[in-house]
């Protein structure tokens, strides 16, 4: 339905643009073929087309019928959702980004008052993730990320029976206790502290 509505409106549904694009991004499957309906490349190609058609000389998109203000730039949240997402309170990194492409982001805000920076190389290996805790909340990580980052479980596209435990350290190098269950790993944070999260292959 989302993709159909977007297609009928040429991917610029007036003031609905701030809702339609992030919703479409949540349906993207990073394991889908690059040019499939739910592939990352398809979504980004449509986004580029829509913005090129509506951008003004000052780079502000124009929605001539119904919309203005923040609604006009809300579609860019779709890109953020491809890079970092919280599902059920669990952070997942690069959930909608196709493998085989190096990618990175800096200081994206996540629920729980976390500022996250991460990068992944073309081989699909996550580099150490930087996480600043602004409120001292519990940080939870989706277990599939542990499997994918360590190079296990990716073929089946499912979380492992036991999550791959990441190594978490403070900026000063102190090791932080991490606990894991079937579908997640978690650790306590302190307000104002930065943590480094690293996955290693076994």
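Numbering (full-length UniProt numbering), first residue to last: 1 to 202. Note that CB positions come from ideal geometry on N, CA and C, so glycine has one too. Treat the numbers as computed from the prediction; the structure is a model and nothing was measured.
Test item: CB-CB of residue i and residue j under 7 Å
i           : j           : result
residue 123 : residue 81  : no
residue 168 : residue 129 : no
residue 203 : residue 141 : A question about residue 203 goes unanswered here, because the residues of the chain that appear run from 1 up to 202.
residue 106 : residue 22  : no
residue 104 : residue 86  : no
Backbone secondary structure at residue i - three-state DSSP
i           : result
residue 53  : helix
residue 189 : coil
residue 179 : strand
residue 20  : helix
residue 194 : strand
residue 118 : strand
residue 285 : Here the chain comprises residues numbered 1 to 202, so residue 285 is not present and cannot be evaluated.
residue 151 : At residue 151, the pLDDT of 47 sits below 50, so the modelled position is not reliable and the matter cannot be decided from this model.
residue 165 : coil
residue 101 : coil
residue 143 : helix
residue 127 : coil
residue 28  : coil
residue 110 : strand
residue 138 : coil
residue 171 : coil
Option in the options with minimal Cα separation from residue i
i           : options           : result
residue 100 : 186, 183, 40, 20  : 40
residue 88  : 55, 22, 139       : 139
residue 172 : 48, 28, 195       : 195
residue 44  : 119, 135, 75, 186 : 75
residue 102 : 94, 58, 114       : 94
residue 136 : 111, 57, 179      : 111
residue 28  : 98, 55, 109, 143  : 98
residue 42  : 53, 79, 181       : 79
residue 189 : 143, 47, 48, 177  : 177
Whole-number beta carbon distance between residue j and residue i, since they are thought to touch under 8 Å
i           : j           : result
residue 191 : residue 117 : So it is not a contact: roughly 18 Å between Cβ atoms.
residue 193 : residue 170 : 6 Å
residue 114 : residue 131 : 5 Å
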